[in-house]
Amino acid sequence: MVVGLLAGILSSLRPSIYQGTARVLLRPNDPAEQLNPNNLVQPFADPNRYVTAQESIIESEAVAQQAAKNLPTVPLRDLETKVTVSQGGQSDILDISATDRDPVRARDMANAVAKGYIENRRLNAVAGLQRAADDITAKLGPLQDSINQLDVQIAAPPPAKSDAPTTPTDALRGTRDAAAEQYKTLYARQQELLVNIALKRGEAELVSEAKTPTTPISPKPLRDGAIGVLVGLLLGIGISLLREQMSGRLRSPEEVEQVTHLPLLAVLPYDDRSARGNDLATVDQPLGPLSEAIRSLRTSIQFLGAERPVRVIVITSSVPGEGKSLVAANLAVVCAEAGYSTHLVSGDLRRSSLSPWFGVPENAPGLSDLVARLTPPAGASGPNGASADPAVPLSRHHTEGGPSLIDVLVRSPISNLDVLPSGRVPPNPTELLGSRRMAKLLGELASSADIIIIDTPPLLPVTDAAILAAAADGVVFVTALGDTHRAAVARSKTILEASGVRILGVVVNKAPRSGGGYYNAYSGYYGPTTNGEREKRSRRARDRSRSRPMGDEQLPTAPLGSEPAPPSSRLTGGPPIAPKPR
């Protein structure tokens, strides 16, 4: 639009240019050629070459000089530079056009050049005939003198007798008759040439004179603006494609699979409300496309645990903004809704984003407080004189002012789902996550729930995710179409493989829901078609999730170090998620 607007404005500022066009017919019916059909000679055997030659002649200086005789007010340079010639289709008609700011002047130049060309061709054709006529005229004079002398000799009386030789009269008459016949032939040819000269039209004929133009041929702002829009569109597409190729961003799930060589666990559609951080799709829109895609992710992980248990799952990505926290939170919700006792752990000790979705206070104690304060210095004892031995379950330790696991776990509004916040930001997050106390805490968490989902920082900025992944049963790697770069994905995979962790697969986030995406053809399948019905079903789902009184719920009373009870329910249609052995 910018290019089109600029083109239109610049075009409107240009002066108006008018064009006059005269039409000339090549090789017309020449009366001189009709009188002498045997003298008709084709200048060129190839018509196209002949027309091209005539176009060059019209644009020559000789024609411009001939036109200038009829139009002395116009400079010769204008007649040479402002006149163009074109063939009218496949015919023998040439269009002679002249352009100028003055419409009358444009008309006069076109007509002057057309007439100058016709006159130039006529003069060239007449010049040859005139030379032949002049040659005959030069021969007729001496021949006439010879005939006159012969006539005098024939009429003279015979001379008196003398010794000088004499010419017989009969011989003189024969010579005179031969000269007279020759004169007669030359004279007839001379008269024929004079007639041809008088009738000669040359090699062209003016078919139509140029009329005074009333509409300028340029500028045309609308046309130029439209061309500018088209050029700008092509330029924009070219720049966009070039940027896309140079940026190296992933654009399709197939491209993600080709780059990572990992199984595709799920393709999550882009959701505006979730992207703004306002909603948790599995709670507020349980029948929407994003919620169904999260359930397919849960099913994919379930089948991955058929042979090797998958209970502690790390969710990570390459860089911030790819939606790993959103995937972790929604996955925890659908696992809890399926009947699994689920712990959602905020392992991002630097910038956690899980708390607002579950109503956790901003300064609530969490993972960092628990790991940093559980074990007191050597020789110290816990509350009531209890030793802070690492062999004692972490949930039983209480340092002075330090929380226990029961204290920091937050019961969410979703049944079977507890949230462990990240806590206060520590000065040494990497050291805390890589400590023995963190590994022991993960074991305690796994003994009190069926599934542990850990949201971690991105892989490339820090190494926290790789450290936690080493203590987990598997890693789910999240990518975002249009945001994730090829190089970032390749580098992240290298980091995970170097850590020796099990990569369960890749999740493609922010897939388009229109323009040939994965979800546009099936958008009507995911629930009610009206907003009212969709809102009613979402409200009923939230009410069911929040039906239990928050104040009456307690964490499991069995010791965290004991063997966990079997899950209250299993996913139907696939193998169960096996408990993790101690």
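Counting in our numbering, the sequence shown runs from 205 upward without gaps.
Ideal Cβ positions, reconstructed from N, Cα and C, are used throughout, including at glycine.
Computed from a predicted model, the values in this text were never measured in an experiment.
Q: Please classify Lys714: does DSSP put it in a helix, a strand, or coil?
A: Strand, per DSSP.
Q: Find the nearest neighbour of Pro192 within the set Ala674, Pro630, Ile300 and His547, judged by alpha-carbon distance.
A: Not covered by the structure: residue 192. The range shown for the chain is 205 to 786.
Q. Going straight from the alpha carbon of Ala264 to that of Gly208, what length do you get?
A. The identity of residue 264 in the sequence shown is Ser, whereas the question assumes Ala. Cα to Cα, Ser264 sits roughly 39 Å from Gly208.
Q.
What does the Cβ neighbour count give for Pro661, buried or exposed, with the cut at 16 atoms within 10 Å?
A. Residue environment: Pro661 is assigned as buried (16 or more neighbouring CB atoms within 10 Å of its CB, all protein chains considered).
Q) Nearest to Val549 by alpha carbon, out of Val463, Ser521, Gly492 and Leu645? A) Leu645
Q: Throw me the rounded Cβ distance for the Asn315 and Ala226 pair, which I believe falls under 8 Å.
A: 5 Å
Q. With a cut-off of 8 Å, do at least 3 Cβ pairs link the stretch 555 to 565 to the stretch 620 to 634?
A. yes
Q: Assuming Gly224 and Asn274 form a contact by the criterion Cβ under 8 Å, report the distance between their Cβ atoms to the nearest whole angstrom.
A: Contact flag wrong, Cβ pair sits at about 15 Å.
(Q) Could you compute how far the alpha carbon of Val267 sits from the alpha carbon of Arg393? (A) 31 Å
Q) Is DSSP giving Ala414 helix, strand or coil here? A) coil
Q) What residues in its chain sit with their C-beta under 7 Å from that of Arg190, if we drop five residues either side in the sequence? A) The requested residue 190 is not part of the displayed model; the chain covers only 205 to 786.
(Q) What does the alpha-carbon distance come out to for the pair Glu284 and Ala318? (A) Each residue's Cα considered, the two are about 13 Å apart.
Q. Cβ of Ala318 less than 9 Å from any chain D Cβ?
A. Looking at the structure shown, chain D is missing, and only one protein chain is on hand.
Q.
Does the stretch 672 to 683 come into contact with the stretch 438 to 446, if we say contact requires no fewer than three beta-carbon pairs (one atom in each stretch) closer than 8 Å?
A. no
Q) Quick one: is Glu385 buried, meaning 16 or more other Cβ sit within 10 Å of its Cβ, or exposed? A) exposed
Q) Which residue comes first and which comes last in the beta strand (DSSP E) that contains Pro473? A) Counted as a single uninterrupted DSSP element, the beta strand (DSSP E) harbouring Pro473 occupies residues Leu468 to Pro473.
(Q) Rounding to the nearest angstrom, what Cα-Cα distance links Tyr222 and Asp312 in this structure? (A) Distance between the alpha carbons of Tyr222 and Asp312: 12 Å.
**Q.** Cα-Cα separation between Asn400 and Leu333, rounded to whole angstroms
**A.** 8 Å
Q. Just how far apart, CA to CA, sit Lys415 and Ser301?
A. 11 Å
Q: Could you check what DSSP says for Leu158 in three-state terms: helix, strand or coil?
A: Because the chain here runs from 205 to 786, residue 158 falls outside it and cannot be looked at.
Q. Cα separation between Asn534 and Pro524?
A. Looking at the two C-alpha atoms, the distance is approximately 18 Å.
Q) Any heavy atom of the ligand GDP closer than 8 Å to the CB of Leu613? A) As presented, the structure is devoid of all ligands, the ligand GDP included, so that no description of it is given.
Q. Tell me, which residues are paired with Ala402 by DSSP?
A. Note: Ala402 sits in no beta bridge, so no partner.
Q: Pull up the CB-CB distance for Met205 and Val433, whole angstroms please, since I reckon it's below 8 Å.
A: 7 Å
(Q) In the DSSP output, what is His547 paired with across the bridge? (A) Asp622 and Ile656, per the DSSP bridge assignment.
Q: Measure from the alpha carbon of Gly293 to the alpha carbon of each residue in Ala342, Glu323, Leu229 and Val356, then state which is nearest.
A: Leu229
Q: Mark Met450 as exposed unless 16 or more other C-beta atoms lie within 10 angstroms of its C-beta, in which case mark it buried.
A: exposed
Q) Once you ignore the five residues that flank Leu390 on each side, which residues in its own chain have a CB closer than 8 Å to its CB? A) Ile340, Lys343, Leu344 and Leu347
Q | Start and end residues, beta strand (DSSP E) containing Gly678 | A | Gly678 to Ala684
**Q.** With 16 other Cβ atoms within 10 Å as the buried cut-off, status of Arg480
**A.** That one is exposed.
(Q) For Pro372 and Ala360, what's the separation of their Cα atoms in angstroms? (A) Cα-Cα distance, rounded: 12 Å.
Q: Have a look at Leu708 and Pro467 and give me their C-alpha separation to the nearest angstrom.
A: 8 Å
Q: Taking 9 Å as the cut-off, decide whether the C-beta atoms of Ile213 and Pro425 are in contact.
A: Ile213 is a Cβ neighbour of Pro425, given a cutoff of 9 Å.
(Q) To the nearest angstrom, how far is the alpha carbon of Asp488 from that of Asp428? (A) 52 Å
Q. Alpha carbon to alpha carbon, how far is Ser295 from Arg231?
A. Spanning the alpha carbons of Ser295 and Arg231 requires a straight line of approximately 11 Å.
(Q) Among Val564, Arg502, Ile421 and Leu664, whose alpha-carbon lies nearest the alpha-carbon of Ile656? (A) Distance check between Ile656 and each of Val564, Arg502, Ile421 and Leu664 places Arg502 closest, using alpha-carbon atoms only.
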